[in-house]
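Printed below as a string of structure tokens:
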């Protein structure tokens, strides 16, 4: 069994209220869950309108599947409008 946990610290642009942020984050989290079958949660910076932190966990019997999934998740987050990835912290087993 292979697993990876990745935390993304994200800068948000054009967000004025926490309600807007939560809507954006909910959309992003649901998209990641449905496209890649990963576990995703907002894990930090919940009260900031300019920053967010999300955690993504992937488990598979193949290391290659874990690596490809994390690469695809990172690309989707980086290519999302109004979002800039500032920091990525990753652990793998």
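Numbering (full-length UniProt numbering), first residue to last: 1 to 93. For glycine and all other residues, C-beta sits at the position ideal for the given N, C-alpha and C. Just so it is clear, the structure is predicted and the values come from calculations on it, not from any experiment.
The beta carbon of residue 87 lies closer than 7 Å to those of 9 in the same chain, with the five residues before and after it left out. CA-to-CA, the gap between residue 35 and residue 65 works out to about 14 Å.
Boundaries for residue 12: no alpha helix (DSSP H) harbours it, while the beta strand (DSSP E) harbouring it runs 2-12, taken from the DSSP string. Counting the other Cβ atoms within 10 Å of the Cβ of residue 21 gives 16 or more, which makes it buried. Looking from the CA of residue 58, the closest CA among 41, 52, 83, 27 belongs to 41.
Under DSSP, no beta-bridge partner is assigned to residue 81. Beta-bridge partners of residue 56 (DSSP): 6, 40.
Residue state for residue 15 is assigned as coil, using DSSP reduced to three classes.
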